[in-house]
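S.K.: Before I ask anything, let me first share the structure, which is written out below as C-alpha cells.
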Ligand SMILES: Cc1cc2nc3c(=O)[nH]c(=O)nc-3n(C[C@H](O)[C@H](O)[C@H](O)COP(=O)(O)O)c2cc1C
C-alpha cells in the first residue's frame, strides 16, 4: 500500500457517542445498488461481491444503499427489503452473509481500525412507483397527507404523476405506529446480522422527509401542525431503533436529512428546531444532503443559490452545515455532495463545518479513493482530486424540462457502474 498522509484532520479517527471508532473522516455515502435477489428481495451474491471494492479502500465508514423496511412500499423493484412478517431466522443468514462480505477483505489489519459498515433504512412514502412494491399495482402509495409529487407543468409530468406514481393515500395513525415498529425491526435484524449500525433515511423526499416538510405534511394530529410536531415520527423512529438494538455494543444510529432552503422564509428556523429534537433523541451523527424527486439538488446542489463561500468550498451543503453546527455544537455532522479535492475536504473539516466528508459518485468511479489518492503521500495536493463524470440529460429530456428525469439519468448511469463492478 502507498505511504499514507497522517497530518491531515480528515485522516484522524473519530469516536462516535455509540463508541464506534471511525478510522478516518472519509465516508462512502449511501448509493442504491439495485442488486437484490429479485424473487425474495434479500441481498444477492452480486450485492455481496460489491462489498470488497470499498472494504479495501481505506474509508472511515461505509454506508450501504437504502434498503426498504416494508416490501409493499419500495423505491425500486431491485431494492433489498426486510419483510416484518417473515421470521427473523429465515432471513438472517442472508444479511449475515452481506455483513461478512465487507469483513473478509478489510484493508485495516487490527479490529480497532476496520471500516465500520452501516445500512441505510428507508420507506419511500409517495416516492414509490406503482409496481415497485408487493402492494397491488393499483394500490396507492402512502404519505403523511394526500399530496402528489409535483413534476411540473405539461403532459409528460401529468402522465408520470398519474400513471407511474399516482396520488398517495394519507396514513392512519395506526399505520404510522406500524411503520415505526418496522424501522425498529429492520434495525434489529441488521444488528443481529453483525452490521455496525443503521442510517435512517429522512432526506431526499422519502417518507420521513415528507413528514418533516410543511409542503407534504398537512396533518392536524400529533404528527403535524408545526415544525416540532412534524418531527414526531422521526423522533419515534430513532427511539424505537435505539431500543430495539440496545443490547448491541457500539451499534450506531445515524440519520440523513435535507438542508434548509435559505430562500424560503422560516425554513432554516424550522429545520433547526427539528434537528434539535432529532439530536436529543440520541442519533450518533447527522448527514446533511438535499433534494427530492421534485428538485434533485442532492446531485447538483441548490441552483443559483450558492454563496461565493460555498462555490469556493466545492461541497453543496456546507453553508447549511456550518449554520447548523452553531446550533448543534455536539453532534458530528457529515456533509455529502460535490466534494472534489483533498484540500476542499480538509478545509471543511479543519474549519469545523463538518466532522465527516461524504462521497457518493466518486466512490463508484474510484472505490479505493482514500487509499490510492486522498491519503496517498505520493499524490501531490494539486493532483489529489476525485474523478467526477457529469452525465448530462439528453436534448429531449432538457426540452421536457423535468429536472428529476435529468438527475435520474445521472443516477442510473452510476447505478450501472455499480452493477458492472459487482459483476467484475
Ligand atoms: C447511483 C446513486 C444512488 C444513490 N442512492 C442513494 C441512496 O440509496 N440513499 C441516499 O441517501 N442517497 C443516495 N444517493 C445520493 C448520494 O448518497 C449523495 O448524496 C449524492 O450522490 C451527492 O454526493 P456526490 O456529489 O459525492 O455524488 C445516490 C446517488 C447515486 C449517484
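Residue numbers (this note's numbering): 1105 to 1528.
Here a beta-carbon is modelled for each residue, glycine too, at the ideal position from N, C-alpha and C.
(1) Using 6 Å as the cut-off, classify the Cβ of residue 1362 as near or not near the heavy atoms of ligand 1, replying yes or no.
(2) With a Cβ-Cβ cutoff of 7 Å, do residue 1331 and residue 1377 count as a contact?
(3) Excluding the 5 residues flanking residue 1236 on each side, which residues of the same chain have their C-beta closer than 7 Å to its C-beta?
(4) Please go through the same chain and pick out, in chain order, the residues whose beta-carbon is closer than 7 Å to the beta-carbon of residue 1421, but skip the five residues on each side of it.
(5) Rounded to whole angstroms, what is the Cα-Cα separation between residue 1359 and residue 1226?
(6) Under the rule that 16 or more other beta-carbon atoms within 10 Å means buried, what is residue 1522, buried or exposed?
(7) Taking the continuous beta strand (DSSP E) assigned at residue 1306, which residues delimit it?
(8) Check whether the segment 1161-1177 and the segment 1466-1477 are in contact - that is, three or more C-beta pairs closer than 8 Å.
(9) Who are residue 1489's beta bridge partners in DSSP?
(10) Can you tell me the Cα-Cα spacing of residue 1110 and residue 1157, whole angstroms?
(11) I think residue 1435 touches residue 1390, with their Cβ atoms under 8 Å apart; what is that distance to the nearest whole Å?
(12) With H, G and I counted as helix, E and B as strand and the rest as coil, what does DSSP make of residue 1178?
(13) Can you check which of these residues, 1463, 1454, 1484, 1265, is closest to residue 1166 by C-alpha distance?
(14) Residues in its own chain within less than 7 Å of residue 1316 by CB, not counting five upstream and five downstream?
(15) Near residue 1215, what residues of its chain come up, given a Cβ to Cβ distance below 7 Å and the 5 sequence neighbours on each side ignored?
(16) If you draw a straight line from the C-alpha of residue 1273 to the C-alpha of residue 1248, how long is it?
(17) Of the choices 1482, 1495, 1133, 1192, whose alpha-carbon is the least far from that of residue 1302?
(18) Pull up the CB-CB distance for residue 1299 and residue 1221, whole angstroms please, since I reckon it's below 8 Å.
(19) Quick one, which of 1121, 1350, 1146 has its alpha-carbon nearest residue 1292's?
(20) Do the CB positions of residue 1290 and residue 1192 come within less than 7 Å of each other?
M.R.: The answer reads as follows:
(1) As a first step, residue 1362 is located in the chain shown; it is residue number 258 there, counting from the start. Within 6 Å of the C-beta of residue 1362 there is not a single heavy atom belonging to ligand 1.
(2) Within the chain shown, numbered from 1, the residue matching residue 1331 stands at position 227. Within the chain shown, numbered from 1, the residue matching residue 1377 stands at position 273. Their beta carbons are under 7 Å apart, which means residue 1331 touches residue 1377 by this criterion.
(3) Translated into the one-based positions of the chain shown, residue 1236 becomes position 132. Closer than 7 Å at the Cβ level, and outside the excluded window around residue 1236, lie 1178, 1179, 1180, 1181.
(4) Indexing the chain shown from 1 puts residue 1421 at position 317. Here the set comprises 1363, 1392, 1393, 1394, 1439, 1441.
(5) Your numbering for residue 1359 matches position 255 in the chain shown. Your numbering for residue 1226 matches position 122 in the chain shown. Each residue's Cα considered, the two are about 11 Å apart.
(6) Walking along the chain shown from the start, residue 1522 turns up at place 418. Buried is the call here.
(7) Residue mapping note: residue 1306 aligns to position 202 of the chain shown, counting from 1. Residues 1301-1306.
(8) The segment 1161-1177 makes contact with the segment 1466-1477; the number of CB pairs closer than 8 Å reaches 3 or more.
(9) Along the chain shown, read from residue 1 onward, the residue named residue 1489 stands at position 385. 1445.
(10) Start at 1 with the first residue of the chain shown, and residue 1110 comes out as number 6. Start at 1 with the first residue of the chain shown, and residue 1157 comes out as number 53. In this structure, the CA atom of residue 1110 is about 23 Å from the CA atom of residue 1157.
(11) Indexing the chain shown from 1 puts residue 1435 at position 331. Indexing the chain shown from 1 puts residue 1390 at position 286. That belief holds up - the Cβ atoms of residue 1435 and residue 1390 are roughly 6 Å apart, short of 8 Å.
(12) Residue numbering aside, residue 1178 sits at position 74 when the chain shown is read from its first letter. DSSP places residue 1178 in coil when its eight states are reduced to three.
(13) Residue 1166 sits at position 62 when you count from the first residue of the chain shown. Measuring from the Cα of residue 1166, the nearest candidate turns out to be 1463.
(14) As a position in the chain shown, residue 1316 is number 212, starting the count at 1. Close CB contacts of residue 1316 within its chain, under the 7 Å cut and outside five residues either way in sequence, are with 1306, 1334, 1335, 1338, 1378 (chain order).
(15) The residue labelled residue 1215 in the question sits at position 111 within the chain shown. Because residue 1215 carries a pLDDT of 47, less than 50, the predicted location of this residue cannot be relied on, and the following value inherits that uncertainty. Cβ within range, chain order: n/a, list empty.
(16) Here the question's residue 1273 lines up with position 169 in the chain shown. Here the question's residue 1248 lines up with position 144 in the chain shown. So the two alpha carbons sit approximately 8 Å from each other.
(17) If you number the chain shown from 1, residue 1302 lands on position 198. Answer by Cα proximity: 1133.
(18) To locate residue 1299, count along the chain shown from 1; it is residue 195. To locate residue 1221, count along the chain shown from 1; it is residue 117. About 6 Å separates the two Cβ atoms, so the contact holds.
(19) Position 188 of the chain shown holds residue 1292. Looking at the Cα atoms, 1350 is the closest of the given residues.
(20) Position 186 of the chain shown, counted from the first residue, corresponds to residue 1290. Position 88 of the chain shown, counted from the first residue, corresponds to residue 1192. Against a cut-off of 7 Å, the Cβ pair of residue 1192 and residue 1290 comes out as no contact.
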